[in-house]
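Below: the structure, in structure tokens.
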Amino acid sequence: MTNRLRTEIQDEEEVEEVIEERPARELPDNFFTQLFTKGFLTTERATGALPFVLFLAFLGMVYIGNMHYAEKSVREIDALTKEVKELGWDYKSTKADMAFKSTLTEVAKRADTLGLSQSVDPPGKITVKEVSDGN
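Numbering (the working numbering), first residue to last: 3 to 137.
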């Protein structure tokens, strides 16, 4: 940008301000043009209806939020149901494994690795004799 006199700049601005005015287009005759041009929807009516419109928008946001919350809850319930099924399968398999490992033959095999063996003799009966002191 070069230095120019203020009068040259003002002359250019005046030239730019001259704008050709176009003739106004004729609006088509439909519902929306009649609604906004015939005076049915005025500024007073629009501002009067603004609280109701805001209330409807708030209700819409609450409705959308509730739907998101419900879908999230359904997803969580599905995930928990899957987890419960998996834990049930783990419980059943662990219970069956424990029942198998607690059989007499399996216990004998595990005890044999420790150097213990099953007794062949039947258990004996222990009897205690009472001692009388004479008192």
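Using N, Cα and C, we set each Cβ at its ideal position, and we do this for glycine too.
The beta carbons of L43 and L37 sit closer together than 7 Å. If one requires a minimum length of 3 residues, no beta strand (DSSP E) run lies completely within the segment 85 to 120. Looking at the backbone, the Cα of S104 and that of E78 are separated by about 38 Å. In the three-state reduction of the DSSP assignment, F42 falls in the coil class, being assigned neither a helical nor a strand state.
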